[in-house]
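When we follow this note's numbering, the leftmost residue of the sequence shown carries the number 89, and every step to the right adds one.
For each residue, glycine too, the CB sits at the ideal point set by N, CA and C.
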Amino acid sequence: MVLSDHFPFMKKFKEKFVFFGPGFLLAIAAAGEAGIADALEIGAEFGVSLTWIVVLTLLFKYAFTTGIARYTLSTGNTIYQGIVSLPGPKHWGAYFTIFAYLLESIGIGSMLYFTSVFFDYLIPGTFLLLLLGSILLVLALIILRTHLYHHFEPIMAGIVLLIGLFMVFFMIDNPMIQTVILPEIANGLIPSIPEHSEKSILAILGVVGSGLTLMLYSVWLEKKIRNIAPKTEVTGEERKTIYTTYLKSVRLDILFGFILVFLLTIGFLAVGYLGMQASLIPHGVELTFDMLMTVAMNFFRVFPFGKQLMLLLFALLFFGALVVSLDARASALTKVIKQLRIESGKPVKNSSIVYNICLLLISTIGLLAMIFGNPLEIQLFVAMSCAILFGLYGFILIYLNSKLPEYAKGNRLWVLFISIGSALSIYFAFVLEGNILSTGVPLLKNLALVLIILFLTCRSKMFKRIVSGNGALTDKVWLILILGTVSILGTLWGINAGDYIINFRDVGAIVGGIIGGPIVGGIIGFIGGIYRLTLGGATAVPCFIATVVAGVVSGFAIRIWKGKRSILKLIILAIVAECLHLLVIFPTYEILFGTMGALEVWDVIRSTIAPMVGVTAFGLLGFFIFTWKISQFTGPLERFSLTRLKEDIRKLTSRDTDDGDDTK
Numbered sequence: 089m090v091l092s093d094h095f096p097f098m099k100k101f102k103e104k105f106v107f108f109g110p111g112f113l114l115a116i117a118a119a120g121e122a123g124i125a126d127a128l129e130i131g132a133e134f135g136v137s138l139t140w141i142v143v144l145t146l147l148f149k150y151a152f153t154t155g156i157a158r159y160t161l162s163t164g165n166t167i168y169q170g171i172v173s174l175p176g177p178k179h180w181g182a183y184f185t186i187f188a189y190l191l192e193s194i195g196i197g198s199m200l201y202f203t204s205v206f207f208d209y210l211i212p213g214t215f216l217l218l219l220l221g222s223i224l225l226v227l228a229l230i231i232l233r234t235h236l237y238h239h240f241e242p243i244m245a246g247i248v249l250l251i252g253l254f255m256v257f258f259m260i261d262n263p264m265i266q267t268v269i270l271p272e273i274a275n276g277l278i279p280s281i282p283e284h285s286e287k288s289i290l291a292i293l294g295v296v297g298s299g300l301t302l303m304l305y306s307v308w309l310e311k312k313i314r315n316i317a318p319k320t321e322v323t324g325e326e327r328k329t330i331y332t333t334y335l336k337s338v339r340l341d342i343l344f345g346f347i348l349v350f351l352l353t354i355g356f357l358a359v360g361y362l363g364m365q366a367s368l369i370p371h372g373v374e375l376t377f378d379m380l381m382t383v384a385m386n387f388f389r390v391f392p393f394g395k396q397l398m399l400l401l402f403a404l405l406f407f408g409a410l411v412v413s414l415d416a417r418a419s420a421l422t423k424v425i426k427q428l429r430i431e432s433g434k435p436v437k438n439s440s441i442v443y444n445i446c447l448l449l450i451s452t453i454g455l456l457a458m459i460f461g462n463p464l465e466i467q468l469f470v471a472m473s474c475a476i477l478f479g480l481y482g483f484i485l486i487y488l489n490s491k492l493p494e495y496a497k498g499n500r501l502w503v504l505f506i507s508i509g510s511a512l513s514i515y516f517a518f519v520l521e522g523n524i525l526s527t528g529v530p531l532l533k534n535l536a537l538v539l540i541i542l543f544l545t546c547r548s549k550m551f552k553r554i555v556s557g558n559g560a561l562t563d564k565v566w567l568i569l570i571l572g573t574v575s576i577l578g579t580l581w582g583i584n585a586g587d588y589i590i591n592f593r594d595v596g597a598i599v600g601g602i603i604g605g606p607i608v609g610g611i612i613g614f615i616g617g618i619y620r621l622t623l624g625g626a627t628a629v630p631c632f633i634a635t636v637v638a639g640v641v642s643g644f645a646i647r648i649w650k651g652k653r654s655i656l657k658l659i660i661l662a663i664v665a666e667c668l669h670l671l672v673i674f675p676t677y678e679i680l681f682g683t684m685g686a687l688e689v690w691d692v693i694r695s696t697i698a699p700m701v702g703v704t705a706f707g708l709l710g711f712f713i714f715t716w717k718i719s720q721f722t723g724p725l726e727r728f729s730l731t732r733l734k735e736d737i738r739k740l741t742s743r744d745t746d747d748g749d750d751t752k
């Protein structure tokens, strides 16, 4: 006999709120995805003065999640199926989502680090954090690939609920909360931006309430819908019945999850503030993670076994969040890839294999981030990325909402709120973060000018002749001159950071290789590289070599792809070119010739790899959009030979040279 038979109210609750439960999973992921560490740090620096942005963020993410739920309940599809079918260049939404989840997976590194630190504090002895992190990662993968995960979820849900109840008790029972914190929370509801709080606002926007893991709520709902309506075909009326019957349950579930996240966030803001007051750390000092631990333990040590209990709960919570987040991201990528293959007419035969590959890829990204990154810097990067991505996906959700049946569409207030929330997320990410203003915005602005040149080039008769295989030598010379200039501008309009330049020089070489093949790409890279050599500096020679390599590699890539391009292929090309540049050619040269030490090399890589991969990928995305109607390039596939070169020169010097098709 089940427990609900002894308690009729539980049976009635389960019947009425059949979808109740996934909100716990949201709370687990939201609390552990660096949310606690962020809340402690923000509380230590600013108290609860940023409560207004916490409330605004959670309201936006509640509206965002309910919008996803309405889409799934009314269509029976996951949100990823809607994203894959977005209008525009074929499957761009799917490729963008894959990129977004892989980018967000960097945050696994900070979660792994925090989890390792908590267990290191908890277990007597001295441990190497990397070894401890690797053991915990392997344990998480074992849990995910065995039946243990089915038991793990309810245990973690209980721990999150326990911590939430503890926070309520802590806020009610503590006199400091009643006399100091509660009045300050009331004041913190009034919007204000304290000095130097920009990064903290970004952290709240990005990670409080979880990242893109929220979109997994759609997958959980879709599974439950299949249990309720297992038929392959569901009529419109049946779908409407499912929607109206269970929408209230879904909204309550999401609301419960976000209330729990709010209590945890405000509670840890208060812990950070009160712990800072009790510590001897001077206010205004840049806080390390060890300092944050000291701040938290200063508060909890007043309770019997408070320090040990805090470490145990934190360790379990972060480990649970690590497991849930790994599963969520791998499941999301699997869903997108499956839908992408279905749309392409090549359905996935074994989803488990795809899931395992995605899980290993995300785990590898997280482990590398833990090894090479600063956990607090990773948090900021992930927070900023999530804020931008949420803004973009908010507008995508508004579009998908417009395609729903009338009964399932969000009202105008919902559309207005999502629009404001999306715009504010992007605004705070781009305007409040000083590094974006000083480097990212000028770089993107200058790239936009280069994209105008690329657009005009792609509309020219010269371009059409080359990609169709009818280009003469004069066309290739003009292409080399134009894209060689683009490569030079990529350096000239880059951001000078002292010993190195954050640039988009490789864009010209890569585009040249795609259009004209490896010879043309290599020559364009040579032109851009020679200009970089004239500027001098310790990084000049490897930058020259890398630019030539980028042009040649892209030329061979387009041959391997038989002239066909896609967003995913071009993003991969951008990543490969910049990784060859920054992870292979640059460090090999500098270390072999002794012009830079290992630490200097690592500082350059850490500072440049993300913006250069991003801006190069963005430039190639623009090129794809300009040429997406052309199904295939045939020009670069022609094999280079001296005979071909002599024929081009003969045509060029002949009096009756035919320049090709003169039609527009």
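query = Residue range of the alpha helix (DSSP H) that M684 falls in?
reply = Segment: none, M684 is in no alpha helix (DSSP H) and carries neither H nor E.
Express the C-alpha separation of T332 and H238 in angstroms, rounding to a whole number. 29 Å
Item to complete: Can you tell me which of the three DSSP states N584 falls into?
Response: strand
6 Å CB neighbourhood of T323 in its chain, flanking five on each side removed: Annotation for T323: no residue places its beta carbon closer than 6 Å to its own, counting only its chain and skipping 5 residues before and after.
> What are the boundary residues of the alpha helix (DSSP H) that includes E286?
Replying inline: Here the alpha helix (DSSP H) through E286 covers 286-295.
task = Decide yes or no for the touch test of the region 537-551 against the region 567-577: beta carbon pairs closer than 8 Å, at least 3 of them.
result = yes
| field | Segment limits, alpha helix (DSSP H) that includes N275 | value | 270-276
Open item on the list: I want to know whether the region 602-612 touches the region 642-660 - three or more CB-CB distances under 8 Å.
Closed with: yes
Requested in this report: Find the nearest neighbour of L480 within the set L147, Y150, V636, T185, judged by alpha-carbon distance.
Outcome: Nearest option by C-alpha distance: T185.
(message) Looking only at its chain, what residues have a beta carbon closer than 7 Å to the beta carbon of L249, apart from the 5 residues adjacent to it on each side?
(response) A distance below 7 Å between beta-carbons, with the five flanking residues on each side excluded, links L249 to no residue of its chain.
Inset, instruction - Ignore the nearest five residues each way along the sequence and tell me which others in A634's own chain have a CB closer than 6 Å to its CB. - result: Exclusion of the five residues before and after A634 leaves H669, I673 as the residues of its chain whose Cβ lies within less than 6 Å of its Cβ.
Proximity to R593 [Cα-Cα], best of L687, F706, F478: F706
### Message
Between the alpha carbons of I289 and L537, how many angstroms are there, rounded?
### Response
31 Å
>> In this structure, how does DSSP classify I231 when only helix, strand and coil are distinguished?
In response: helix
Ignoring anything shorter than 4 residues, give me the alpha helix (DSSP H) runs that lie fully in the region 172-214, in order along the chain.
180-192, 195-210
Own chain, CB closer than 8 Å to I313, minus 5 neighbours either side, in chain order: T160, L161, G164, I330
Buried or exposed: where does A585 fall if 16 or more other Cβ atoms within 10 Å of its Cβ makes it buried? exposed
Problem - Check whether G625 and D587 have beta carbons under 8 Å apart - result: yes
key: Within 8 Å, strictly: CB atoms of I583 and I590   = yes
Alpha carbon to alpha carbon, how far is Y495 from F202? Give it in angstroms, no decimals. 45 Å
Have a look at L229 and V411 and give me their C-alpha separation to the nearest angstrom.
8 Å
### Query
Roughly how many angstroms lie between the CA atoms of I141 and I292, to the nearest whole one?
7 Å
For D208 and L220, what's the separation of their Cα atoms in angstroms? Cα to Cα, D208 sits roughly 8 Å from L220.
message: Going by DSSP in three states, I590 sits in which element: helix, strand or coil?
response: strand
Does the pairing of the region 648-668 with the region 699-718 give three or more beta-carbon distances under 8 Å? yes
Notebook entry, point to check: Considering only residues of the same chain and omitting the five flanking positions on each side of V636, which have a CB-CB separation below 6 Å?
Noted result: G610, G613, F614, G617
First and last residue of the alpha helix (DSSP H) that includes L670? First-last for L670: undefined, no H or E at that position.
Using the three-state DSSP reduction, which class does N444 fall into: helix, strand or coil? Here N444 sits in helix by DSSP.
Does the count of Cβ pairs from the region 180-197 and the region 500-514 closer than 8 Å reach three?
no
List in chain order: all unbroken alpha helix (DSSP H) runs of 4+ residues lying wholly within the region 134-172. Listed in chain order, the complete alpha helix (DSSP H) runs (minimum 4 residues) inside the region 134-172 are 139-163, 167-172.
Rounded to the nearest angstrom, what separates Y443 and S419 at their Cα positions?
In a straight line, the C-alpha of Y443 is about 6 Å away from that of S419.
Of the choices F240, S285, A188, P212, whose alpha-carbon is the least far from that of G135? Residue S285 is the option with its Cα nearest to G135.
- prompt: Going by beta carbon distance, what residues of the same chain come within less than 6 Å of A182, once the five residues before and after it are set aside?
  reply: Within the same chain, and ignoring the five residues on either side of A182 in sequence, the residues whose Cβ sits closer than 6 Å to its Cβ are V172, V424, L428.
I need the DSSP call for S337, collapsed to helix, strand or coil. Judged by DSSP in its simplified three-state form, S337 adopts helix.
- Query: For K426, does the count of other Cβ atoms within 10 angstroms reach 16, so buried, or fall short, so exposed?
  - Reply: buried
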